[in-house]
Amino acid sequence: MSSVFSKIISKEIPADILYEDDLCLAFRDINPQAPVHFLVIPKNVIESMAGLTAEDEEVVGRCLIVASRVAAEQGLVNGYRLIANTLEDGGQEVPHLHFHVLGGRKLRWPPG
Ligand code: AMP
């Protein structure tokens with residue numbers, strides 16, 4: 378399923394891109410929930426965490442490495458939170474796998 382993130386990957390709509398390589402893209406969330414809030418997405422369309430297969434191992438692994446690297450570049454030395462909202466109960470709104478990275482303030486637990 379195509380989504381707004383496909384248009385960000387193809388540069389049809391702008392985004393504040395923090396990192397890009399052949400497999401992944403990291404860009405700032407348009408509606409930040411913390412002083413630092415960015416998303417890391419695979420460039421190929423994977424709808425969600427649900428139904429990942431072994432074929433997705435390389436790209437998902439790369440996304441997590443990118444999340445770690447960009448978090449460090451953004452100065453999140455005191456830590457951060459990595460979230461993948463999944464399907465309806467997980468509150469996923471965009472049907473393209475994405476990892477949120479939030480930091481720059483103390484985050485509460487548990488989330489709602
Ligand atoms: P989720 O609820 O996990 O599906 O989160 C989707 C996230 O995508 C939300 O935090 C939105 O603010 C973010 N988002 C939606 N459209 C854009 C966009 N054009 N550029 C950057 N972030 C976006």
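Using our numbering, you'd call the opening residue of the sequence shown number 378 and step up by one each time. For each residue, glycine too, the CB sits at the ideal point set by N, CA and C. Model, not experiment: these values are computed from the prediction.
Would you identify the three-state DSSP class for Val413, choosing helix, strand or coil? strand
Using a threshold of 7 angstroms, is the CB atom of Ala411 nearer than that to any non-hydrogen atom of the ligand AMP? no
State whether the segment 461 to 479 contacts the segment 421 to 433, with contact taken as three or more CB pairs (one from each stretch) at a distance under 8 angstroms. yes
Per DSSP, the bridge partner or partners of Arg458: Leu479
Using 10 angstroms around the beta-carbon of Val454, count the other beta-carbons present and answer buried if the total reaches 16, otherwise exposed. The residue in question, Val454, is exposed, as its Cβ has fewer than 16 Cβ neighbours within 10 Å.
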